[in-house]
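The end of the sequence shown is residue 306 by full-length UniProt numbering, with every number in the run present.
As structure tokens, the structure follows; a few thoughts come after it.
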Amino acid sequence: MNNTGLALHEKRSMEPASLENLCVLYHSADYIVVNKHWDIRIDSKMWYEKQTVQSQLKHLFPELADPGTYYGFRFCHQLDFSTSGALCVALNKAAAGHAYRCFKDRLVTKAYLALVRGTVAEEKMTLEFAIGKNTTEGQTHMMCTEGTDGCENPKPCQTELTVLEYGEYDGDPVTKVLLQPLTGRTHQLRVHCSAVGHPIVGDYTYSLRTDSAPYRMMLHAYFLHIPLENEPIHVTAPDPFVPTLDSKWAPRRCVNVLEDLLKNILTKPQTEIQEEPEPVHRRSSPVESEEQQAQCQQWLCEWNLD
1 MNNTGLALHE KRSMEPASLE NLCVLYHSAD YIVVNKHWDI RIDSKMWYEK QTVQSQLKHL
61 FPELADPGTY YGFRFCHQLD FSTSGALCVA LNKAAAGHAY RCFKDRLVTK AYLALVRGTV
121 AEEKMTLEFA IGKNTTEGQT HMMCTEGTDG CENPKPCQTE LTVLEYGEYD GDPVTKVLLQ
181 PLTGRTHQLR VHCSAVGHPI VGDYTYSLRT DSAPYRMMLH AYFLHIPLEN EPIHVTAPDP
241 FVPTLDSKWA PRRCVNVLED LLKNILTKPQ TEIQEEPEPV HRRSSPVESE EQQAQCQQWL
301 CEWNLD
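Here it is in structure tokens:
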């Protein structure tokens, strides 16, 4: 991305989500990678949900929509409503299958940027709290760590955390970190950060409804690498956590250089801790059945990394 494109992206990243406000990071005949806006859903069956990535794509690229799918587009993975960053979309069934196999075989590399509350004492940490569904009344929309009350069916999880910078956000001590999820559990990064006493800035849910002042949750899908055989995708979504975009963030001391960490991540083999998702059974019909859609959603949920 050149300087003009970066400046345009930075301007759009601070504007409210709209049908026109979509930044494309990569586009080919088979895939499109966008920089998902914060506080916007990927798709929705609710009639009142007008602002979604699916509706943005249909508005800007109507010719790319596939009538054989429910949403018109095949999302290769998921990002949470409150998370911004790189999101890959397959533009045909064959491309979706190739991407699916990369995820299934744990070949995809992702890295997230986050601002977390407090000063993280250790420069590098491996977080290994098993995560399950919270069955506690009033908290069923949340996940929880093994051993806590109401935690159902916890599964092994692993996240690598590396400190980038120490500083302040709106006068309070925070740490900018790089998070690499080695598994793909729902809300994994948010739960893991909260579990070590450093919830993500602006995470209203996992701060137990106390962190409501920031304009967004400070979690961003910065890096995405899908090693497709004929078209490897290697994309970064520009860092939104810089003082020029948000004057409340004041970095004080740099600990690690982001570019150097990415080089190390790409040369490190993925940890095979996540069990394989169930394979998607494909049919010859161009229209996906409800069963296929349900199976696809089940697989995608295993990769809801934030």
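Built from N, CA and C at the ideal position, the CB exists for glycine as well.
Computed from a predicted structure; not experimentally measured.
- Shown here, CYS157 sits in coil according to DSSP, grouped into three states, outside any helix or strand.
- Within the same chain, and ignoring the five residues on either side of GLY150 in sequence, the residues whose Cβ sits closer than 8 Å to its Cβ are ASN134, THR135, THR136, GLN139 and CYS144.
- Of VAL116, HIS220 and ALA121, the smallest CA-CA separation from ASP170 is found for VAL116.
- With a cutoff of 8 Å on beta-carbon distance, LEU113 and LYS36 are scored as not near each other.
- With respect to the C-alpha of ASN230, the residue from TYR215, VAL89 and TYR31 having the closest C-alpha is TYR31.
- Taking a cut-off of 8 Å on C-beta distances, the segment 157-165 touches the segment 178-188, as three or more cross pairs fall below it.
- For ILE265, the enclosing alpha helix (DSSP H) starts and ends at 258-267.
- In the structure shown, LYS124 adopts extended strand secondary structure according to DSSP, grouped into three states.
- Selection LYS50, SER55, PRO240 and GLU122 evaluated against TYR222 yields PRO240 as nearest (Cα-Cα).
- Under DSSP, SER84 takes part in a beta bridge, and its partners are HIS220.
- Using a Cβ-Cβ distance cut-off of 8 Å, the segment 17-32 and the segment 50-61 are in contact, since at least three pairs of beta carbons, one from each stretch, lie closer than that value.
- Between the C-alpha atoms of LEU79 and ILE42 there is a straight-line separation of about 7 Å.
- A contact between stretches requires three or more CB pairs, one per stretch, nearer than 8 Å, and the segment 93-104 meets this requirement with the segment 66-81.
- For GLN180, the enclosing beta strand (DSSP E) has its first and last residue at 172-181.
- DSSP places ARG252 within a strand segment (E or B) once states are collapsed to three.
- The C-alpha of ASN92 lies about 7 Å from the C-alpha of ASP66.
- For LYS50, there is no enclosing beta strand (DSSP E), as DSSP gives it neither H nor E.
- Counting along the chain, TYR112 sits inside the beta strand (DSSP E) bounded by residues 109-117.
- Boundaries for HIS98: no beta strand (DSSP E) harbours it, while the alpha helix (DSSP H) harbouring it runs 93-104, taken from the DSSP string.
- Nearest to ARG209 by C-alpha distance, out of HIS141, GLY97, THR236 and LYS268, is HIS141.
- Ranked by Cα distance from HIS27, the options MET218, VAL89, VAL201 and PRO154 are led by VAL89.
- Boundaries of the alpha helix (DSSP H) around LEU189: 188-195.
- Straight across, the Cα-Cα distance linking VAL177 with LEU164 is about 5 Å.
- Short of 7 Å from the beta carbon of LYS248, and not among the five residues preceding or following it, lie these beta carbons of its own chain, in chain order: TYR169 and ASP170.
- Beta-bridge analysis with DSSP links PHE75 to VAL89.
- Selection HIS220, GLN188, THR175 and MET217 evaluated against HIS198 yields THR175 as nearest (Cα-Cα).
- As the crow flies, the alpha-carbon of GLU49 is around 12 Å from that of ASP39.
- Contact between TYR166 and VAL242 fails: their C-beta atoms lie close to 15 Å from each other, not under 8 Å.
- In the DSSP assignment, LEU25 falls within the unbroken beta strand (DSSP E) covering 23-27.
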